[in-house]
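Report on the following structure.
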Amino acid sequence: MIARASQLFLPTLRDAPADAEAANHKLLVRGGFIRQVTGGVWTFLPLGWRVHRKVEQIIREEMDAIGCQEMLMSVLTPLELWQKTGRDFIQEIFRLKDRKGTDYVLPLTHEETVSFHARELQSYRQLPQMLYHIATKHRDEPRPRAGLIRMREFWMKDAYSFDRDEEGLDKSFELQHGAYERIFERCSLNVFGVQAESGMMGGTESIDFLAPAGAGENTLVTCENGDFAADLEVARTMPRIPVFPETMMAPGEVETPNVKTCEALAEFLAIDVAATSKAMPVTTDDGAVVLALIRGDDHVEPAKLDAALGRPSRPSTDEEIRDAFGASGGSLGPVGFAGEIVADDALRAGQFVAGANRDGWHLRGVEAGRDFQPRFADLRESAPDDTCPHCGGKLRFETAIEVGHIFKLGTRYSEPLGARFLDDDGKEKTLVMGSYGVGLARTMAAVVEQSHDELGIVWPASIAPYDVHIVQLLGAEEVAAQAAEKLSAAGMDVLLDDRDLRPGEKFADADLIGIPIRVTAGKKSLEDGAVDVRARGTGAERRVPLADLVASI
RNA sequence: CGGGGCGUGGCGCAGCCUGGUUAGCGCGCUAGUCUGGGGGACUAGAGGUCCCGAGUUCGAAUCUCGGCGCCCCGACCA
Numbered sequence: 005m006i007a008r009a010s011q012l013f014l015p016t017l018r019d020a021p022a023d024a025e026a027a028n029h030k031l032l033v034r035g036g037f038i039r040q041v042t043g044g045v046w047t048f049l050p051l052g053w054r055v056h057r058k059v060e061q062i063i064r065e066e067m068d069a070i071g072c073q074e075m076l077m078s079v080l081t082p083l084e085l086w087q088k089t090g091r092d093f094i095q096e097i098f099r100l101k102d103r104k105g106t107d108y109v110l111p112l113t114h115e116e117t118v119s120f121h122a123r124e125l126q127s128y129r130q131l132p133q134m135l136y137h138i139a140t141k142h143r144d145e146p147r148p149r150a151g152l153i154r155m156r157e158f159w160m161k162d163a164y165s166f167d168r169d170e171e172g173l174d175k176s177f178e179l180q181h182g183a184y185e186r187i188f189e190r191c192s193l194n195v196f197g198v199q200a201e202s203g204m205m206g207g208t209e210s211i212d213f214l215a216p217a218g219a220g221e222n223t224l225v226t227c228e229n230g231d232f233a234a235d236l237e238v239a240r241t242m243p244r245i246p247v248f249p250e251t252m253m254a255p256g257e258v259e260t261p262n263v264k265t266c267e268a269l270a271e272f273l274a275i276d277v278a279a280t281s282k283a284m285p286v287t288t289d290d291g292a293v294v295l296a297l298i299r300g301d302d303h304v305e306p307a308k309l310d311a312a313l314g315r316p317s318r319p320s321t322d323e324e325i326r327d328a329f330g331a332s333g334g335s336l337g338p339v340g341f342a343g344e345i346v347a348d349d350a351l352r353a354g355q356f357v358a359g360a361n362r363d364g365w366h367l368r369g370v371e372a373g374r375d376f377q378p379r380f381a382d383l384r385e386s387a388p389d390d391t392c393p394h395c396g397g398k399l400r401f402e403t404a405i406e407v408g409h410i411f412k413l414g415t416r417y418s419e420p421l422g423a424r425f426l427d428d429d430g431k432e433k434t435l436v437m438g439s440y441g442v443g444l445a446r447t448m449a450a451v452v453e454q455s456h457d458e459l460g461i462v463w464p465a466s467i468a469p470y471d472v473h474i475v476q477l478l479g480a481e482e483v484a485a486q487a488a489e490k491l492s493a494a495g496m497d498v499l500l501d502d503r504d505l506r507p508g509e510k511f512a513d514a515d516l517i518g519i520p521i522r523v524t525a526g527k528k529s530l531e532d533g534a535v536d537v538r539a540r541g542t543g544a545e546r547r548v549p550l551a552d553l554v555a556s557i
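Note that the working numbering numbers the first sequence so that position 36 is 40, with each residue one more than the last.
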């Protein structure tokens, strides 16, 4: 088909809106792909919607290819369904009432609804099943941000698998995993599938698909040798080995006046900061004060700490610390502390300087197992000078966009919603579920983040709004029309810029919009009965006779 | 929710501190002339609840109070 730019609703802008920071935000707005309606809520203009639909179609094809069946579930959902799974208290849910006062939610995902339907699966003979839909989701985000990266209304593909048992779930999960890799590959998006926290979804295992980008909310940690990738929140990397002072037979007190930080402590005692330990008292939701202990040069990763504790926690107040330790922050330590102690794995071996639980004093030569009895866990935040746990290689930290997330849910939803089936042993069992999500707009935004230059977007051919962009210059209207016809007849979608604008403006718009191939028809090429074909990505241009145009592309 | 910034034609901004003609500039838009392979030139135009409300004042874009919205950092987070 041929779209004439003179008739398109394609409002390109010379300047980006002042409030745009992220590349995807600036370029998609400038290029006339999207417009913001209100915070975190966007309209996809014709060009943007074409890209969105191409992403959608790729996802659809890959889902269909693994036997996942498309359907469409409602947006408006009775709150009652969410009360059954206990997710009705989630802050991010949009709620509303109808005229009779009945409560509804606009779902964040569709586990509840799909499980409601899965109650019609009654026999193991009907399993496994995989269902998906591509629809709008809503989240009352506390802070939408960065263009299409965190929206309050967005399209998601969410798929759900139903199996007899864990083994079946593993297979479904692997099928989806493979499909996800093909989806992002086809979108020319560089992604890393990494182990992740399951967050509010519950369940046992999950894989996050992180696309490195200039803007994003996750931090991706990768090894220079390509054998390690993880989300910072769960990354286990190798800390450097400390320089320990002389080993001591028993802890020895040392007066440390006005020393409040590990850095100051190390300097005062003239030792390696990594040979000190840092006490972080936290109070859990049941009111207990727990001592989290990490190395002096480390930071606590809150997600890891909560996972290790098995319950949420917050930093203890000064009063709680006084009561539990008899000392104040800066002199706290594990020796003599009566409560639960969780120590980072980095403290398993070696002797560290720790707070003495006496203001202004520390203990040298404190050894886990001998001087206090901790439970060990991975608590530390991975640091830039850590090394790869597999090969010792250097690590790279970069911001990334979470474009997809797949979960092994187990019976988290099927149980409360009563989605059961009769197995071949005649026993009634609960369906074992998985759920698999991709954000379409996020994928689009991530592609822009990864593929642009100072002039604009560089779309991969698979999701470009059009296949070819013809720039028609004065005096070459006829050739441009012929070129458009030929390309269209060959099955390509053509954007024909027939607007009465200066050449410079048309070229600038073409660069901004980022269609992979640009064909220029103007007086220069006219003399040769030819057009100029240019690749947006490389800038390489060559003159091609009209007759050879289709073949050359 | 905490911290910071901003709100003036479609976009980018000035004016506000120190209240006072028709609220200005660049880009864009309309008409015309020239021009025509990287955002050209000239001429003439159109387009504004100065975020909203209340107050102070003879007089408010400007000062005061209250509210709303947007952006960034953090908290939060399929």
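Note that the Cβ used here is the ideal one computed from N, Cα and C, for glycine as well. Here the structure is a predicted model, which means the values were calculated and not measured.
> What residue from A450, Q40, R91, D536 has the CA that sits closest to E221's CA?
Replying inline: Among A450, Q40, R91, D536, the Cα nearest to that of E221 is on A450.
> Going by beta carbon distance, what residues of the same chain come within less than 7 Å of G52, once the five residues before and after it are set aside?
Replying inline: Residues of the same chain with a CB within less than 7 Å of the CB of G52, apart from the 5 flanking positions on each side, are L32, F37, I38 in chain order.
> Which runs of the beta strand (DSSP E) spanning at least 3 residues fall entirely within the stretch 141-219, listed in chain order?
Replying inline: Along the length of the stretch 141-219, whole beta strand (DSSP E) runs at least 3 residues long occupy 157-167, 196-199, 209-216, reported in chain order.
>> Could you compute how far the alpha carbon of L297 sits from the alpha carbon of G408?
In response: Taking the straight line joining both Cα atoms gives about 34 Å.
> For the stretch 367-430, which segments carrying the alpha helix (DSSP H) assignment without a break, of at least 4 residues, lie completely within its bounds, in sequence order?
Replying inline: Fully contained in the stretch 367-430 are the following alpha helix (DSSP H) runs of length 4 or more, in chain order: 418-421.
> Whose CA, out of L499, K527, D497, lies closest to the CA of E481?
Replying inline: Of L499, K527, D497, the smallest CA-CA separation from E481 is found for K527.
>> Taking DSSP's pairing of strands, which residues face G443 in a bridge?
In response: Bridge partners of G443: M160.
> For the beta strand (DSSP E) that H473 lies in, which residues bound it at each end?
Replying inline: H473: member of the beta strand (DSSP E) spanning 472-476, first to last residue.
> So M67 is in the alpha helix (DSSP H); what residue range does that whole segment cover?
Replying inline: 50-69 is the span of the alpha helix (DSSP H), which, as asked, contains M67.
>> Here's the rule I'm using: 16 or more other beta-carbon atoms within 10 Å means buried, otherwise exposed. How should G337 be labelled?
In response: The residue in question, G337, is buried, as its Cβ has 16 or more Cβ neighbours within 10 Å.
>> Taking 8 Å as the cut-off, does the stretch 350-358 touch the stretch 312-320 (at least 3 CB pairs, one atom from each stretch)?
In response: Counting Cβ pairs under 8 Å, fewer than three are found: no touch.
> With a cut-off of 8 Å, do at least 3 Cβ pairs link the stretch 226-244 to the stretch 186-198?
Replying inline: By the criterion of at least three beta-carbon pairs nearer than 8 Å, the stretch 226-244 is in contact with the stretch 186-198.
> For H121, which of helix, strand or coil comes out of DSSP?
Replying inline: In this structure, H121 counts as helix in the three-state DSSP scheme.
> Grouping DSSP H, G and I as helix and E and B as strand, with all else coil, what is D348?
Replying inline: If DSSP states are grouped into helix, strand and coil, D348 belongs with the strands.
> On the three-state DSSP scale, how would you describe L224?
Replying inline: Judged by DSSP in its simplified three-state form, L224 adopts strand.
> Between S455 and D68, what straight-line distance do the alpha-carbon atoms span, to the nearest angstrom?
Replying inline: D68 has its alpha-carbon roughly 28 Å from the corresponding atom of S455.
>> Check whether the stretch 429-445 and the stretch 381-391 are in contact - that is, three or more C-beta pairs closer than 8 Å.
In response: No, the stretch 429-445 does not touch the stretch 381-391.
>> Please report the straight-line C-alpha distance between E489 and I6, rounded to a whole angstrom.
In response: Rounded to whole angstroms, E489 to I6 spans 8 Å at the Cα level.
> Which residue's Cα is closest to the Cα of E165: A484, M437, R522?
Replying inline: First, the residue type needs correcting, since residue 165 is Ser and not Glu in the sequence shown. For the residues A484, M437, R522, the minimum Cα distance to S165 belongs to M437.
>> Looking at the secondary structure, which residues open and close the alpha helix (DSSP H) in which D515 lies?
In response: Its alpha helix (DSSP H) spans residues 507-517.
>> Does R39 come out as helix, strand or coil in the three-state DSSP assignment?
In response: In the structure shown, R39 adopts extended strand secondary structure according to DSSP, grouped into three states.
>> Taking its Cβ as the centre, do 16 or more other Cβ atoms sit within 10 Å of S78, making it buried, or is it exposed?
In response: With fewer than 16 Cβ atoms within 10 Å of its Cβ, S78 is classed as exposed.
> Taking T81 as the reference, which of I70, R64, F120, E60 has the closest Cα?
Replying inline: Comparing Cα positions, the closest option is F120.
>> DSSP three-state label for W561, please.
In response: This structure leaves residue 561 out entirely; the chain is present only between 5 and 557.
>> Which complete beta strand (DSSP E) runs does the stretch 274-346 hold, if anything under 3 residues is left out?
In response: Counting only runs of 3 or more, we get 281-288, 293-299, 317-319.
>> For R123 and A423, which I take to be in contact (beta-carbon distance under 8 Å), what is that distance rounded to the nearest angstrom?
In response: About 5 Å; that satisfies the 8 Å criterion.
> Who are the Cβ neighbours of G340 in its own chain at under 6 Å, not counting the five residues just before and after it?
Replying inline: Within the same chain, G340 has close Cβ partners N361.
> Is the CB-CB distance between G369 and P243 below 8 Å?
Replying inline: It is not a contact, given that the beta carbons lie outside the stated cut-off.
>> Relative to the C-alpha of F356, which candidate in E371, K104, A342 has its C-alpha closest?
In response: Residue E371 is the option with its Cα nearest to F356.
> Can you tell me where the beta strand (DSSP E) with Q355 in it begins and where it stops?
Replying inline: In the DSSP assignment, Q355 falls within the unbroken beta strand (DSSP E) covering 355-359.
>> Let me check understanding here. Comparing Cα to Cα, which of I63, M253, I94 lies closest to G354?
In response: Minimum Cα distance to G354 is reached at M253.
>> Taking 7 Å as the limit between beta carbons, can you name the residues of its chain near S556, skipping five residues before and five after?
In response: The beta carbon of S556 lies closer than 7 Å to those of V537, V548 in the same chain, with the five residues before and after it left out.
>> Are the CB atoms of K398 and E228 within a distance shorter than 8 Å?
In response: Between E228 and K398, the C-beta spacing is below 8 Å.
> In chain order, what residues of the same chain lie with their CB nearer than 8 Å to the CB of G130, ignoring the 5 residues before and after it?
Replying inline: With the sequence shown as reference, residue 130 is identified as Gln, and Gly is not the correct amino acid for it. Cβ neighbours of Q130 within its own chain (closer than 8 Å, five residues either side excluded): F425.
> For L100, does the three-state DSSP call read helix, strand or coil?
Replying inline: If DSSP states are grouped into helix, strand and coil, L100 belongs with the strands.
> Which residues in the same chain have their Cβ closer than 7 Å to the Cβ of C191, if we skip the five residues on either side of it in sequence?
Replying inline: Here the set comprises V59, I62, T447, V451, P464, S466, I467.
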